[in-house]
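2 protein chains.
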Amino acid sequence: MQNILVTGGAGFIGNHLCEELLKLGHKVLVYDNLSLGTNRNIARFKTDTNFSFVKGELLDSDEFENIFVSNKFDMIFHLAANSDIASSSKSPQVDLLNTFNTTIAVLEKARIHNIKKIFFCSTGAIYGDTNLAVNENSGPLIPISHYGAAKLASEGYLSAYSHNYGIQVWIARFPNVVGEYATHGAIYDFIRKLRNNPMELEVLGNGQQIKPYIYVKELVNAILFIWNNSNDEFNVYNIGVDSRTRVSEIAEMVVSSMNLNSPIKYGESNRGWVGDVSEFKYDATKLKTLGWSPSLSSNEAVKKAIEEILIEQNTPELL
Amino acid sequence: MQNILVTGGAGFIGNHLCEELLKLGHKVLVYDNLSLGTNRNIARFKTDTNFSFVKGELLDSDEFENIFVSNKFDMIFHLAANSDIASSSKSPQVDLLNTFNTTIAVLEKARIHNIKKIFFCSTGAIYGDTNLAVNENSGPLIPISHYGAAKLASEGYLSAYSHNYGIQVWIARFPNVVGEYATHGAIYDFIRKLRNNPMELEVLGNGQQIKPYIYVKELVNAILFIWNNSNDEFNVYNIGVDSRTRVSEIAEMVVSSMNLNSPIKYGESNRGWVGDVSEFKYDATKLKTLGWSPSLSSNEAVKKAIEEILIEQNTPELL
């Protein structure tokens, strides 16, 4: 049993991770400001004596300090970040504060409180606008979004802190993640738009963007696998899915799953927003070699996520 | 003629760059807080009507804003940074503030004031602890110093700003730079130590660290060459020297140049300090292909720098 801090644990991916950590018998404290995370996401853990929740800001150093007074953590899973990439294109401040500065806040507490293990959730966006199958040693790293820049900046600092203070670090670079409790993303947006206006679905960009999608519970499974099976001082893994899904396919699947016939109206650009990488693929050989592969294809992950989000939204007591 | 802002222009490399920019007929404004830079470094430009100097902090947004009220810059050379890597290992804050946050400050002013060209001075330290000949596409980027982390973080943000706001960016990754007006570094330290105590020279680390050294005026020449000859939206170059010099050779050259016989006392570690990369080499094929190579070898650069610094320190009116 380990004493684990999960920053952003009330968020989309965070709550699924907490569920698995609790199942494994760990003690879990979630620190989250509930700006993107929700009380609903963690409500199901509240009767578990191994679980506790503290609402607070990572960037308020004194507030954040409080949880270290009464807890001696063995490990931090640092998931807190801005996760709404499309909205982050509107202001460079969002990711600077919520994605990068939050990482520095976590690293500083780890340094000061002598916490020697950090798992960091990174992203394929650090590779930038490339359609090559990138692996963990690929360069150059030239992100085109503020989100990608903030995650790359975070990785750089994790590397330096690891070396300077003997902190063991795991970095997992995620593809697009879908599933229950999502708070943003194409599927979530399309369903919301069609609920508002079933007569037409407007899609950002020309719908030809093609990316790998992973089902959230498989992603969490991969996170735990990497944590348990890779034991270098500094560990970096792409979490990949070999197949990919076009945005137009997602739009069609959503319309069909909602039993609608709505015409789909596409934009002109090959990007959904400034900073959107329109074609992306991972080389996930390193993780496969370690022993993990997803069981769902990208299309299967998208389909499962659509079904779950529709059920979730049709069940008011879940919202 | 361009209207150019040089941040850190009173520093070691900055003043040599200003000299060349002024020779080319450009208008140059140096913004520097004189924390590492000096009035002496820019004194020789003060009669040039194309030159102006404003003492100020990059991190004081209002103070920094003032220079944009009365100047319409075409171009920014952003050199301001902590440059004392050895001392930066003592606190992660030094480079976070002075190397990374200063870059964000410059990028924000460029965005707000619509300045579409930035030249950024980066470092081989972003590649981390590798003895492979790294090129511009090499990965992974796993810096082991706070300095390297802050420069990598800066590069990530330059990439995102370039894409989001149409800013043309040049990034040059430097090797070790030596020459007149240096404010730190092995040569500078060894001379200072021998002046204090000519009976012995104590060297940080075992002296076996081996790195490429470039003479500062050649570096500035390369900077201008890259700026003039590479015209992509986002340009990245290693500035390399094929040969390398061992720290023990530098120590011996300094002792001999000072006409001393001081015994040299080495430490145990293969690093001079935490975060020191003990063996480093660049693959500078990209810059060679563009048409530039240094004329001095690494040893020649070191020798020339020793001579210049000794003359400089023996000429009190220069100090």
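Protein chains in written order, with our numbering: chain E, 1 to 319; chain B, 1001 to 1319. The beta-carbon is built from N, C-alpha and C at its ideal position, and this holds for glycine as well.
The alpha helix (DSSP H) enclosing residue i, as first and last residue numbers
i: His1163(B); result: His1146 to Tyr1165
i: Glu20(E); result: Phe12 to Lys23
i: Arg298(E); result: Before going further, note that residue 298(E) is Ser rather than Arg in the sequence given. Segment Ser298 to Gln313, the alpha helix (DSSP H) holding Ser298(E).
i: Leu107(E); result: Thr102 to His113
i: Pro1143(B); result: That residue, Pro1143(B), is in no alpha helix (DSSP H); it is neither H nor E in DSSP.
i: Gln1093(B); result: Pro1092 to Asp1095
Rounded distance between the beta-carbons of residue j and residue i, thought under 8 angstroms
i: Leu17(E); j: Val241(E); result: Contact doesn't hold; Cβ gap of about 18 angstroms is too wide.
i: Asn372(E); j: Lys23(E); result: Because chain E is modelled from 1 through 319, residue 372(E) falls outside the range shown and cannot be assessed.
i: His1146(B); j: Ser1061(B); result: The pair is not a contact, with the Cβ atoms about 23 angstroms apart (cut-off 8 angstroms).
i: Phe77(E); j: Val6(E); result: 5 angstroms
i: Asn1131(B); j: Gly275(E); result: Asn1131(B) to Gly275(E), Cβ: 35 angstroms. No contact.
i: Val1177(B); j: Ile1214(B); result: 6 angstroms
i: Ser162(E); j: Glu233(E); result: 6 angstroms
i: Phe1073(B); j: Ile1115(B); result: 5 angstroms
i: Ala149(E); j: Gly1156(B); result: 4 angstroms
i: Ile1239(B); j: Leu1287(B); result: 6 angstroms
i: Lys1046(B); j: Asp1032(B); result: So it is not a contact: roughly 14 angstroms between Cβ atoms.
Beta-carbon spacing of residue i, residue j below 8 angstroms
i: Ile171(E); j: Val236(E); result: yes
i: Lys1211(B); j: Gly1179(B); result: no
i: Ser154(E); j: Phe119(E); result: no
i: Ser298(E); j: Gly205(E); result: no
i: Thr102(E); j: Arg173(E); result: no
i: Ile85(E); j: Ala182(E); result: no
i: Leu1141(B); j: Leu141(E); result: yes
i: Ala1133(B); j: Asp1283(B); result: yes
i: Glu57(E); j: Glu65(E); result: no
i: Val30(E); j: Ala43(E); result: no
i: Val1255(B); j: Leu1201(B); result: yes
i: Glu1312(B); j: Ser1257(B); result: no
i: Leu1059(B); j: Ala1105(B); result: yes
i: Gln1209(B); j: Glu1279(B); result: yes
i: Ser159(E); j: Gly1128(B); result: yes
i: Val302(E); j: Ile264(E); result: no
i: Leu1194(B); j: Ser1262(B); result: yes
i: Asn1135(B); j: Thr1245(B); result: no
i: Gly25(E); j: Asn1137(B); result: no
i: Asn71(E); j: Asn41(E); result: no
i: Leu260(E); j: Pro175(E); result: no
Residue interval of the beta strand (DSSP E) (run including residue i)
i: Ala1172(B); result: Gln1168 to Phe1174
i: Tyr188(E); result: That residue, Tyr188(E), is in no beta strand (DSSP E); its alpha helix (DSSP H) goes Ala186 to Asn196.
i: Ile1004(B); result: Asn1003 to Thr1007
i: Lys328(E); result: Outside the shown range of chain E, which is 1 to 319, sits residue 328(E), and nothing can be said about it.
i: Leu1201(B); result: Leu1201 to Val1203
Every unbroken beta strand (DSSP E) within the segment 30 to 85 of chain E, with a cutoff of 3 residues, ordered by chain:
51 to 55 and 75 to 78
Three Cβ pairs or more, each shorter than 8 angstroms: is that satisfied between the segment 1078 to 1085 of chain B and the segment 1223 to 1238 of chain B?
no
At 4 residues or longer, what runs of the alpha helix (DSSP H) sit wholly inside the segment 1211 to 1293 of chain B?
Within the segment 1211 to 1293 of chain B, the complete alpha helix (DSSP H) runs of at least 4 residues are 1216 to 1229, 1247 to 1257 and 1285 to 1290.
Segment contact flag, the segment 245 to 259 of chain E with the segment 186 to 203 of chain E, C-beta cutoff 8 angstroms, min 3 pairs
yes
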